[in-house]
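*Asks:*
Protein chains in written order, with our numbering: chain A, 1 to 287; chain B, 1001 to 1396; chain C, 2001 to 2291.
1. When burial is assigned at 16 or more other CB atoms within 10 Å of the CB, is residue 53 of chain A buried or exposed?
2. For residue 2252 of chain C, name the three-state secondary structure that DSSP assigns.
3. According to DSSP, simplified to helix, strand and coil, what is residue 2127 of chain C?
4. With DSSP collapsed to three states, give me the class of residue 2138 of chain C.
5. For chain A, check one thing: does any of its Cβ atoms lie closer than 9 Å to the Cβ of residue 1384 of chain B?
6. Short check: CB of residue 1140 of chain B to CB of residue 1369 of chain B, under 9 Å?
7. Does residue 2097 of chain C come within less than 9 Å of chain A when only Cβ atoms are used?
8. Taking a Cβ distance cut-off of 7 Å, strictly less, list which residues of the region 2106-2132 of chain C are near chain B, in chain order.
9. Using a cut-off of 8 Å between C-beta atoms, extract the partners of residue 30 of chain A located in chain B.
10. Kindly indicate if chain C contains any beta-carbon less than 9 Å away from that of residue 1239 of chain B.
11. Using the Cα positions of residue 17 of chain A and residue 2108 of chain C, report the straight-line distance between them to the nearest angstrom.
12. Between B/1335, B/1382, B/1378, B/1358, which has its C-alpha nearest residue 1371 of chain B's C-alpha?
13. Less than 9 Å separating the beta-carbons of residue 1397 of chain B and residue 1065 of chain B?
14. Output the distance between the C-alpha atoms of residue 270 of chain A and residue 220 of chain A, rounded to the nearest integer angstrom.
15. Strictly under 9 Å for the Cβ-Cβ distance: is residue 119 of chain A near chain C by that measure?
16. Quick one: Cα of residue 2156 of chain C to Cα of residue 2150 of chain C, how far?
17. Counting C-beta neighbours from all protein chains within 10 Å, is the total for residue 1385 of chain B 16 or more, i.e. buried, or is it exposed?
18. Roughly how many angstroms separate the alpha carbons of residue 1202 of chain B and residue 1175 of chain B, rounded to a whole number?
19. When the cut-off is 9 Å and only beta carbons count, does residue 2255 of chain C lie next to chain B?
20. Let's test the definition: count the other Cβ atoms within 10 Å of the Cβ of residue 1383 of chain B and tell me whether it reaches 16, buried, or not, exposed.
21. From residue 1205 of chain B to residue 1124 of chain B, what does the alpha carbon distance come to, in whole angstroms?
22. Tell me which residue opens and which closes the beta strand (DSSP E) that residue 2001 of chain C is part of.
23. Are residue 3 of chain A and residue 1122 of chain B touching if we call contact CB-CB under 9 Å?
24. Contact criterion: CB-CB distance below 9 Å. Does residue 206 of chain A meet it with respect to chain B?
25. Rounded to whole angstroms, what is the Cα-Cα separation between residue 2100 of chain C and residue 1218 of chain B?
26. How far does the alpha helix (DSSP H) with residue 48 of chain A in it extend, from its first residue to its last?
27. So, is the C-beta of residue 172 of chain A closer than 9 Å to a C-beta in chain C?
28. Going straight from the alpha carbon of residue 1396 of chain B to that of residue 1186 of chain B, what length do you get?
29. For a contact defined as C-beta to C-beta under 9 Å, what are the partners of residue 2230 of chain C on chain A?
30. Whole angstroms is fine: what's the gap from residue 1257 of chain B's alpha carbon to residue 1158 of chain B's?
31. Expressed to the nearest angstrom, what Euclidean distance is found between the alpha-carbon atoms of residue 2280 of chain C and residue 157 of chain A?
32. Taking CB distances under 9 Å as the criterion, tell me whether residue 1311 of chain B reaches chain A.
33. Would you mind sorting residue 122 of chain A into buried or exposed? The rule is 16 or more other CB atoms within 10 Å of its CB.
34. Would you mind sorting residue 208 of chain A into buried or exposed? The rule is 16 or more other CB atoms within 10 Å of its CB.
35. When DSSP labels each residue in this structure, what does residue 1022 of chain B get in the three-state scheme?
36. At what residues does the alpha helix (DSSP H) containing residue 1093 of chain B begin and finish?
Listed below in structure tokens is the structure:
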């Protein structure tokens, strides 16, 4: 496989996981940027465990996920049902604090960065195996009572509470699940790149992920599966003459999509219509 | 008189000598190019917060290509610099490196450090020599032999520059160094402190927060320690702002201020202006040098940059393109895709041990990927112009 | 004590700038129901306008007018985008946040590509001014005086407009309940546009004062300030104008004290950690959400 395709597919898989980690808490109306902090922590842990302690990949993945869960779990006791922008600022604050901690830790390479993370064989198929598994779990959550409860909380917290939904516990559940996904993404990212630099985990990453989530569609998990490859591919296809305007193109794309297609490229309604057509077609065939 | 036989013998001898010479010259001559043009990819930060730095690095590489093409190209074929934008994103750097890593003979960049860290492991794995010339020794050596270090080891290179400044200020005993924790700057700050310690000057550090909006509080903190002088290891814009604040708080002796090379960038001069008068700065080239080549470069740079002068980093990739030219011309590199692997190694080995390279500012030699005789210049700033005080050799 | 007084003075002048930015930000949040993350970026853009005008004239009045006019024009020009957004998404401030983040990115990238070759801009030395008072470590520049006293005057005028005029009552009515306001005949769209214009006016004045305080600007300044403005607003309680006033000022002072007293790169992290603790204890902000 050509390196271009390999990295394109790998980053697509990792970004889908990260977008899902933003999608899940957004089901209850929270922009949970804390997931980027989870990604940072688990990436550094994975790099360190692989290089310094020679831990096996499977163990690192498990511990990476646990780190993501832990980072989201502790604040979730306070912000499980907090207003969206409180969650935003707490996320950004923890990213900043973790970044500062990394920059001041010589063992993690400080500001120079951490390199020399050993490669893993068959990382790409492993990534997609994990993406598919995570997707199946999210699909089950979306189509369970939890998913329906989240939809009510998104529309109106008070109504949700009146219906007997524990808004805080539901929020905590989605935040922790997001942490697990981000922890997994962080581990895969560390092994894919082979080196980590604290500057990577900044506002730009959040902007890109938000663009992918909202352009694809924030009302369904399938949206990012369409938008991530398009936006990842866009930068590979842009001619070098306009390459320097990439950020502007991203920003304009997002504004136009949000204005023209309010739910993004893939919406729940669109999926229901598609489902109707498919089941209609099948029943016609059966008749 | 020469006999008939003698004449024909002499004729044969001359012909034989000519043939041997011709054969010899054709044996020693580099192979001809098989490509229509030499495409050199440049992984550069063309977007984001340091896009202006990426712009002038790209400008200088394109300028070198333009000059080379005007003079007939490399082995008769034109050179083309192809820009690949990485922003400051490691992810994009890897993706862009993946686009070139299997087809390019040699590459320029990546820039900056985050992108180097992310993309160079791939270049190393695939055996692509990539010239990460904008960074320091610490970063480059991680990826040897698949890159070069543009500078000698940091502790051997920067410490003497700081020591040379301290020697100019004999009464100075205590210096505050403003350090921004970014990439390799902390290790550069350590080298400065070593240099100052070598001449008996004590250094204290005041860290500069990356997202600081005003610098008054930082200056108050520094002045409260009653220092004799200041050293700067932070972004050019911040250096200028802190110096302006120092002036506001009554600091008058500018000769007791030394600015490090990475801040020798346009924002230092456009922001600091008259407040910089009398400050010292060290850098790797002397802009006042009047050689025809430098003059042409400077004039064209100013024409394309609204009259602004070129700065330290603006010449690096200009020299890199000329290094590649010489490597291709002096070896059997043909650009033949079938010989890609071998030709990449030829270029790598030639550049890493290039002797007497004629750079736009100075000539130097490389030994195992590290410059063996590159020093720095100590300047004093007067009305936005750097006046050379002394040339400082690197410590052995 | 001398160091503390010097840092307090620095903090007050910076804080007064944050106050103005938080007020403009909160006004749009209250009346137009949007999170305008790109507001500080617009202020930086107006600083570039100031700089451009200053290259041709040193007439202070013209510079102020140009800065204010540009900020009002751009801020009002983007109002239809948010109106359309409200029509398509309902009044979802999360979506407005995402769109305004994109706008911020656009403004920053345009500045770094097209204005002054992406280099920082510097205002004339006399524009910033020398120290008007100096004693030991305490120094007070003309720029700081403009920022502090100009800030106080602008805040006073803003609160007068909001609490002592008919137009201010209309703005407050819409922020309380836009449906009832429209029933009693208040023109909603016109008043929302007015809130953008007032925020633009505040932004333009802030740009001039910021220019005098800092003496320079760069494309990245909007991002540095933007996060702090959003943080101060949330810490106060989203849309809480009086809370914003207190928290903006406190943020300026806390930033100065953190840089002045705490260890290097940890200074901001410690300040953020304190903020984190407050927000974990009071997720709705110190003064309660009003938006």
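Glycine included, C-beta positions come from ideal geometry on N, C-alpha and C.
*Replies:* In terms of the structure at hand:
1. exposed
2. helix
3. helix
4. strand
5. no
6. yes
7. yes
8. 2109, 2112, 2113, 2117, 2118, 2119, 2120, 2122, 2125, 2131
9. In chain order: nothing, as chain B lies at least about 25 Å away.
10. no
11. 28 Å
12. B/1358
13. Outside the shown range of chain B (1001 to 1396) lies residue 1397 of chain B, about which nothing can therefore be said.
14. 10 Å
15. no
16. 10 Å
17. exposed
18. 6 Å
19. yes
20. exposed
21. 37 Å
22. Segment: none, residue 2001 of chain C is in no beta strand (DSSP E) and carries neither H nor E.
23. yes
24. no
25. 32 Å
26. 34-52
27. no
28. 22 Å
29. 85, 88, 89, 92
30. 16 Å
31. 20 Å
32. no
33. exposed
34. buried
35. Low local confidence applies: a pLDDT of 46 at residue 1022 of chain B is under 50, so the model's placement there is unreliable, with the coordinate-based value given in what follows. Looking at residue 1022 of chain B - three-state DSSP - the assignment turns out to be helix.
36. 1090-1100
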